[in-house]
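Remarks on the structure that follows.
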Amino acid sequence: MTDLAASRNLERNLPDVSVDEAREAARHYFGIDGELRTLHSELDRVYELTDTAGQRQILRIANVDADAAVIDMQVSALAHIAAQDPSLPVPAVIADRDGNSVRRIRFASGTEHMVHVLGYLEGCTLNSAATAGHDSFFALGTMLGQLDLALRGFFHAAADQAHAWNLEKCGRFAGQTEYLQSTEARRIIDAVFQRYSTTVVPQLKSLRHQVIHQDAHCGNVLVDPQDPTRITGLIDFGDMLHGTLVAEIAMSIDADAEKDHLLDRLCATAAGYDAAYPLEEAEIDLLFDVVVARLALTAVIGSSRAALSPDEPVHIEAPERYVDSVDQLLQIGHREGTRRLRAACRFPEYCPLSASDAMAEAEELRLIDARHKWLGRKTTHFYDKPLHFEKASGAYLFGTDGKRYLDCYNNVPQVGHCNPHVVRAIARQARTLNSNTRYLYSSVIEYAERLTAKLAPHLDACVFVNSGSEANDVAWQMAKHVTGNSGAILMEDAYHGVTESIRVFSPAHPDTVMPPYLEGLVVPDPYRGPFRDGEPDLASKYAADADRAIRELANRDHALAAFMIDSAFCSSGVPNVPPGYLQAVEQFVKAAGGLMICDEVQSGFGRMGQWWGHEHHGVRADIVTLGKPAANGHPFGVVVTTSDILNAFIDKTRFFSTFGGNT
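In this note's numbering, the protein residues as written are 761 to 1423.
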């Protein structure tokens, strides 16, 4: 026996127990008298036990080297699963006459073995189901995901098993492949183990771990023979351990003659698992490598046990076929395999494979054509050569060209792209409740309290809507209803949104024609405007244009209702507005009976060094509007105002926004 065999328990050493002894043990200790039929097992003696009433059970006599704590873990896990999710098709534990789940029995050979009895599960093995296809393996993955969800809170002191099938330790078999028949097979498998131990295993340590079944190959999965998409049983919990979740999926993948079929099976199983127990991105990206290692490990263990235990029944049929499966997956390659797994589990393809720059350009042209077809030919791009992004994180965007771009332009993700705190908050709420403000619930109130705490004390009431455009639309309605006036002033090149009412407040659009109830103000630009840096009273000179505009509106029978201002002057492109300018304009507005609507869609939430742009300019807002940064780029808007203004507006309009009240 080699050192490998001694250290890895590769000799099978099945219990020296006769069928008659096993039958007597079942009768005497468990009170079950019946006929036995021998079943295949790797290390134990396992029998189908049919009692005199025709009921079937499974009698398992453990290997003499089996650890009592490990057996206890298995039966405890079965009880835990039954309590957590009774719908899962796992065996029931049948106690002995004294109420014990496991019994230690001495047999005629003089050795003691741990014995337990489990309920029988109907069905045929998945590998014997003639019509098993994609849906069967999707169902298998779903069942495994549900199983691991049930096991998520389970732990046992014996879960840290170091048995031969531990996929986080299989790199130890590198250089230990002497029982494989061909030199080429040994070369392939040694290379797999070498790369796996140095490259993959260190990454596995950061993935989610828990107790898993880790032996759901097709011979341990039972299905309905008439409907192989219905999983009727999962058996053999002997290889349970504390391991990574991807090992659960990987161990369910058997060798297959056709490489595409093998990868299709893997994708279907992973997709099913993900549907029940969502996989993380890092898990998806390592799964292909773990499957390759699993197949390599099976080749080594199968060939070793065949050589070391030649008189025992065959454990793994034709282990060399697992080498063929490894070779087939290596031909597909990690990148292509992972691309298909990502697609199966609905993860985006960040940097697609391409054989040449020409192929990449062809794909880009195809995407542009599709964009024109489905989004309209006039949809604009920021750049003549469009940038194609499929992933972002923090301040960076990642192009499909493999480059990382620093995002100095985007004004949407206020706290960075894909901020994990925001993502978790959205996911938590989506799993809990998504309703509207005609029902009572706490989250919308809590958000309003936290938001208004960041504003001046008089701004104490909120209306939630879907966007910054809608927020400005509602703010304009409020101003008209509360003041009874119909006129507004704004910057002559402002942008405030796209609704029908607010588009005319956006003369930044070249085709915008301002109606008689609007009047634009000259931009307070000390560099290009009519009054320049160095002139005295610069703020007052520019602010005087507000007095002119208000009088113009009055002459057109449109008394002032509001001044709508983007306090960052983004569309104007003026970073150095003369200090005191907005305060001076505010005096004219208030004297005319108008309201200050401060559009904080772009300037709010700290972009100007203070929480709000209007605070930077020292003005008192009557209404504040918020948009995309309020939810870090997700469709959300807020109108914040005084209780008096909001209540007066609601009294007159009965305003309500269904989705604006979402959580």
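Built from N, CA and C at the ideal position, the CB exists for glycine as well.
Is HIS1374 closer than 8 angstroms to SER1403 when the C-beta atoms are compared?
No, the pair does not count as a contact, with Cβ atoms beyond the cut-off.
Taking the straight line between their C-alpha atoms, what separation do you get for HIS1377 and SER1202?
Cα-Cα distance, rounded: 34 angstroms.
For the alpha helix (DSSP H) that LYS1412 lies in, which residues bound it at each end?
The continuous alpha helix (DSSP H) containing LYS1412 extends over residues 1403–1413.
Taking only three categories from DSSP, how would you classify SER1116?
No answer about SER1116 holds up, because its pLDDT of 49 lies below 50 and its placement is not dependable.
If we count Cβ pairs, one from each stretch, closer than 8 angstroms, do we get three or more for the stretch 875–887 versus the stretch 975–993?
Touching, yes.
In whole angstroms, what separates the C-alpha of ALA1059 from that of ASP1084?
When rounded, the distance between both Cα atoms is 9 angstroms.
Coarse secondary structure for PRO1389, derived from DSSP in three states:
PRO1389 falls in the helix class under three-state DSSP.
Residues sharing a beta bridge with MET1356, DSSP
For MET1356, the pairing in a beta bridge is given by DSSP as PHE1323.
Return the Cβ separation of VAL960 and LEU1046 in integer angstroms, given the expectation that the two are a contact with Cβ distance under 8 angstroms.
That pair is a contact at about 6 angstroms.
Segments of 4+ residues assigned as alpha helix (DSSP H) that fall wholly inside the stretch 994–1047
With a minimum length of 4 residues, the unbroken runs of alpha helix (DSSP H) contained wholly in the stretch 994–1047 fall at 1005–1010, 1019–1036.
In this structure, does DSSP put ASP1305 in helix, strand or coil?
Taken through DSSP and simplified to helix, strand or coil, ASP1305 comes out as helix.
Only counting runs of 4 or more residues, tell me where the alpha helix (DSSP H) segments fall wholly within the stretch 1190–1221, in order along the chain.
Complete alpha helix (DSSP H) runs here, min 4: 1202–1212.
Is the distance from the Cβ of ALA976 to the Cβ of LEU900 below 8 angstroms?
Note that the C-beta distance between ALA976 and LEU900 is below 8 angstroms.
Could you give the DSSP three-state label for ASP950: helix, strand or coil?
In the structure shown, ASP950 sits in a helix (DSSP, three-state: H, G or I).
Nearest-angstrom Cα distance between VAL779 and VAL877?
Approximately 15 angstroms between the Cα atoms of the pair.
Beta-carbon separation of ASP1454 and PRO775 under 8 angstroms?
Given that the chain is displayed from residue 761 to residue 1423, the structure contains no residue 1454 and the question cannot be resolved.
Closest by C-alpha distance to SER1261, when choosing among SER1229, MET1251, HIS1269, ASP1271
Ranking SER1229, MET1251, HIS1269, ASP1271 by Cα distance to SER1261 puts SER1229 first.
Give every residue of the same chain whose Cβ lies closer than 6 angstroms to the Cβ of ALA1390, excluding the five residues on either side of it in the sequence, and list them in chain order.
Taking ALA1390 as the centre and dropping the five residues before and after it, the same chain places the C-beta of PHE1396, VAL1398 closer than 6 angstroms to its C-beta, in chain order.
List the whole-angstrom C-beta distance separating LEU1355 from ALA1322, where the pair is believed to meet the contact cut-off of C-beta under 8 angstroms.
Indeed they touch by this definition, with Cβ atoms about 5 angstroms apart.
Restricting to Cα atoms, I'd like to know which of PHE1291, GLY1294, PRO1338, ALA1239 is closest to VAL1349.
For the residues PHE1291, GLY1294, PRO1338, ALA1239, the minimum Cα distance to VAL1349 belongs to ALA1239.
Enumerate in chain order the residues of its own chain whose CB-to-CB distance from TYR1082 is below 6 angstroms, with the five nearest sequence positions on each side excluded.
Only ALA1015, LEU1055, THR1058, ALA1059 meet the Cβ criterion.
Selected residue, minimal CA-CA separation from VAL1455, among GLY1159, ILE1128, LEU911
An answer regarding residue 1455 cannot be provided, because it is not within the stretch 761 to 1423 covered by the chain.
Counting pairs of beta carbons, one from the stretch 950–957 and one from the stretch 887–904, are three or more of them closer than 8 angstroms?
No: the two stretches stay apart, fewer than three of their Cβ pairs being nearer than 8 angstroms.
Return yes when the Cβ of ASP1293 is within less than 8 angstroms of the Cβ of TYR1302, no when it is not.
Here TYR1302 is not near ASP1293, since their CB atoms are 8 angstroms or more apart.
Rounded to whole angstroms, what's the CA-CA distance from ILE1266 to LEU1278? Just pull it up for me.
Here residue 1266 turns out to be Ser, not Ile, going by the sequence shown. Pairing SER1266 with LEU1278, the inter-Cα distance amounts to about 11 angstroms.
Leaving out five residues on either side along the sequence, give the residues of the same chain with a beta carbon under 7 angstroms from the beta carbon of SER1116.
With a pLDDT of only 49 at SER1116, under 50, the local geometry of the prediction cannot be trusted, and no value is derived from it.
Tell me which residues share the same chain as GLN1174 and place their Cβ nearer than 7 angstroms to its Cβ, disregarding the 5 neighbours each side in the sequence.
Apart from sequence neighbours up to five positions away, the residues of its chain that approach GLN1174 with a beta-carbon distance below 7 angstroms are PHE1365, PRO1389, ASN1392, ordered along the chain.
If distances are taken between C-alpha atoms only, which option among ASN1232, VAL1182, HIS1241 comes closest to ARG1263?
It is ASN1232 whose Cα lies nearest to the Cα of ARG1263.
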